[in-house]
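Below: the structure, in structure tokens.
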Amino acid sequence: MPTYWSIASASFRQYSTYRMATAAGVFTNTVFGFIRASIMFAAIASAGGELNGYTIAQAATYVWLGQALLAPIEAFGTREVSQRVHQGDVAIDLLRPTSFLGLHYAQKLGRSGFLLLGRGIPPLVVGALVTGLALPESPLSYLLGAFSLLLAITVAFLADMMVNLAAFWLLETRGLTIVYNAVMNLLSGFLIPILWFPDWLLTIARATPFPSMIQTPIDTLSGRVPPLEALPLVATQAGWLIVLALMAHLMLRAGVRSVEVQGG
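Numbering (the UniProt record's numbering), first residue to last: 1 to 264.
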């Protein structure tokens with residue numbers, strides 16, 4: 001455990017040195033937050049002030065929490081592991097005296113910690129000052145929301161890792177990444193709340209892990225879904241975590257075996 005803590009701490013310090021990139025990320029997140037908020041406000045206003053359970057205040061909270069959590073959750077993923085597989089550097093990772101998935105997860109947690117503080121909180125503060133936020137009434141929403149955020153980070157990490165591990169069998173993973181990001185964007189609730197979907201698309205979304213990455217932590221943290229009603233949503237996140245962890249582990253074992261068979 002101390003080893004992984006040291007890795008996470010080093011990852012946090014590493015990303016804290018990228019000050020200009022952090023400032024650019026804050027600016028971009030804030031601008032896109034205003035764009036998304038204006039679109040959602042217009043849709044709610046045209047619907048008479050409420051749309052499928054969302055008022056203007058709840059929509060503002062949804063948008064700014066989404067902008068704040070996008071960077072630390074990293075739902076769009078990273079391509080570092082797939083590049084290391086293609087370049088052969090993954091062999092070094094597999095020889096380290098740490099779990100391959102544990103190593104990258106520790107790096108993810110350290111990176112997410114900094115991104116939450118450096119790129120997540122500032123846009124949220126700007127949104128609170130300009131449009132206002134609908135804060136939860138129960139303190140339990142904050143506690144359960146923090147746990148839901150950790151689960152969301154983990155689920156997103158595992159799903160992204162599976163996309164990266166496909167590099168063991170694919171010469172190029174950019175096409176798979178594009179498809180993954182397109183589906184994730186839609187079904188996670190990042191673009192619009194999944195409750196705004198038609199019934200058939202809502203059913204499809206709920207059958208995937210994507211809402212557990214964005215929609216669930218936002219609903220839980222914002223208090224739009226009360227703590228007791230949010231418990232099944234958090235349990236669903238935990239279920240997806242177990243399923244994806246098992247699948248990622250099996251993919252890693254199969255990928256390592258394929259490299260050994262090929263003489264890598």
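Note that beta-carbon positions come from the ideal geometry of N, C-alpha and C, so glycine has one too.
Classification of G77 by the beta-carbon crowding that lies within 10 angstroms, buried from 16 upward | Your numbering for residue 77 matches position 77 in the sequence shown. Under a 10 Å Cβ-count criterion, G77 is classified as buried, with 16 or more other Cβ atoms of the shown protein chains found around its own Cβ.
Quick one: using the 10 Å Cβ neighbour count with 16 as the cut-off for buried, is R257 buried or exposed?
-> On the sequence shown, residue 257 is found 257 positions in, with the first residue counted as 1. A residue is called buried once 16 or more other Cβ atoms fall within 10 Å of its Cβ, and R257, having fewer, is exposed.
Supposed close pair V163, L176 - CB separation, criterion 8 Å = In the sequence shown, the residue the question calls residue 163 occupies position 163. In the sequence shown, the residue the question calls residue 176 occupies position 176. Confirmed, Cβ separation roughly 6 Å.
Is G263 helix, strand or coil when you go by DSSP?
-> Locating residue 263 in the sequence shown gives position 263, where the first residue counts as 1. Low confidence applies to G263: its pLDDT is 47, below 50, so where it sits in the model is not reliable enough to give any reading.
Run through the stretch 75–155 for me and flag every whole beta strand (DSSP E) of 3 or more residues, listed as ranges in chain order.
-> When DSSP assignments are scanned along the stretch 75–155, no uninterrupted stretch of beta strand (DSSP E) that is 3 or more residues long falls wholly within it.
Which residue's Cα is closest to the Cα of L116: L70, A156, I56 and G132?
-> Along the sequence shown, one-based indexing puts residue 116 at 116. Among L70, A156, I56 and G132, the Cα nearest to that of L116 is on L70.
Sort S82, M251, D93 and D89 by Cα distance to L171 and report the nearest one.
-> Looking up residue 171 in the sequence shown gives position 171. Among S82, M251, D93 and D89, the Cα nearest to that of L171 belongs to S82.
Verify whether the separation of the beta carbon atoms of A134 and A37 is less than 7 Å.
-> Counted from its first residue, the sequence shown places residue 134 at position 134. Counted from its first residue, the sequence shown places residue 37 at position 37. No. Outside cutoff.
For S46, the first and last residue of its enclosing alpha helix (DSSP H) = Residue 46 sits at position 46 when you count from the first residue of the sequence shown. Start and end: R19 to S46.
Given 8 Å as the limit, is there contact between the stretch 199–206 and the stretch 38–51, that is, 3 or more CB pairs closer than that?
-> Taking 8 Å as the limit for Cβ pairs, the verdict is that the stretch 38–51 does not touch the stretch 199–206.
Length of the line joining the Cα atoms of T98 and S148 = Numbered from 1 along the sequence shown, position 98 holds the residue referred to as residue 98. Numbered from 1 along the sequence shown, position 148 holds the residue referred to as residue 148. Spanning the two alpha carbons is a distance of roughly 27 Å.
Does the beta-carbon of I242 have 16 or more other beta-carbons within 10 angstroms, so that it is buried, or is it exposed?
-> What you label residue 242 is simply residue 242 of the sequence shown in a count that begins at 1. Under this definition I242 is an exposed residue.
Residue from V125, L195 and E74 with nearest C-alpha to G33 | For the purposes of this step, residue 33 is identified with residue 33 of the sequence shown, where counting begins at 1. Distance from the Cα of G33 is smallest, within the candidate group V125, L195 and E74, for V125.
So, M213 versus A152, is the Cβ gap smaller than 7 Å?
-> The count along the sequence shown starts at 1 and reaches residue 213 at position 213. The count along the sequence shown starts at 1 and reaches residue 152 at position 152. With a cutoff of 7 Å on beta-carbon distance, M213 and A152 are scored as near each other.
For F190 versus G113, is the C-beta distance shorter than 7 Å?
-> Position 190 of the sequence shown, counting from 1, holds the residue named residue 190. Position 113 of the sequence shown, counting from 1, holds the residue named residue 113. Here F190 is not near G113, since their CB atoms are 7 Å or more apart.
With C-beta atoms as the reference, is L158 less than 7 Å away from L244?
-> Residue numbering aside, residue 158 sits at position 158 when the sequence shown is read from its first letter. Residue numbering aside, residue 244 sits at position 244 when the sequence shown is read from its first letter. Contact: yes.
For L187 versus T208, is the C-beta distance shorter than 7 Å?
-> As a working note, residue 187 is residue 187 in the sequence shown. As a working note, residue 208 is residue 208 in the sequence shown. The answer is yes: Cβ separation under 7 Å.
Nearest-angstrom Cα distance between L140 and N185?
-> Sequence index remark: in the sequence shown, residue 140 carries index 140 (1-based). Sequence index remark: in the sequence shown, residue 185 carries index 185 (1-based). Approximately 29 Å, taken between the alpha carbons.
Proximity of P123 and G223 at Cβ, strictly below 7 Å | The count along the sequence shown starts at 1 and reaches residue 123 at position 123. The count along the sequence shown starts at 1 and reaches residue 223 at position 223. In this structure, P123 sits away from G223, with a CB-CB distance that is not shorter than 7 Å.
Can you give me the Cβ contacts of I121 inside the same chain, cut-off strictly under 7 Å, excluding the 5 residues immediately before and after it?
-> For the purposes of this step, residue 121 is identified with residue 121 of the sequence shown, where counting begins at 1. The answer, listed in chain order, is A68.
What does a CB cutoff of less than 7 Å around G102 pick up in its chain, not counting 5 residues either side in sequence?
-> Stepping through the sequence shown from its first residue, residue 102 is reached at position 102. Excluding sequence neighbours, G102 sits near Y4.
Can you tell me where the alpha helix (DSSP H) with V183 in it begins and where it stops?
-> Locating residue 183 in the sequence shown gives position 183, where the first residue counts as 1. Per DSSP, V183 belongs to the alpha helix (DSSP H) from R174 to L187.
Can you list, in chain order, the residues of its chain whose CB lies under 7 Å from that of T61, leaving out five sequence neighbours each side?
-> As a first step, residue 61 is located in the sequence shown; it is residue number 61 there, counting from the start. Its chain contains L133, A134 and S222 as the residues whose beta carbon lies nearer than 7 Å to that of T61, once the 5 sequence neighbours on both sides are disregarded; these appear in chain order.
Who are the near neighbours of L144 in its chain, counting only those whose CB is closer than 8 Å to its CB and skipping five residues on each side?
-> Here residue 144 refers to the residue found at position 144 of the sequence shown. In its chain, beyond the 5 residues on either side, T220, P227, A230, L231 and V234 have a beta carbon closer than 8 Å to the beta carbon of L144.
Measure the alpha-carbon distance for V225 versus A59 and round it to whole angstroms.
-> Residue numbering aside, residue 225 sits at position 225 when the sequence shown is read from its first letter. Residue numbering aside, residue 59 sits at position 59 when the sequence shown is read from its first letter. Taking the Cα positions, V225 is about 13 Å away from A59.
Roughly how many angstroms separate the alpha carbons of R253 and T17, rounded to a whole number?
-> Start at 1 with the first residue of the sequence shown, and residue 253 comes out as number 253. Start at 1 with the first residue of the sequence shown, and residue 17 comes out as number 17. Between R253 and T17, the C-alpha separation is close to 35 Å.
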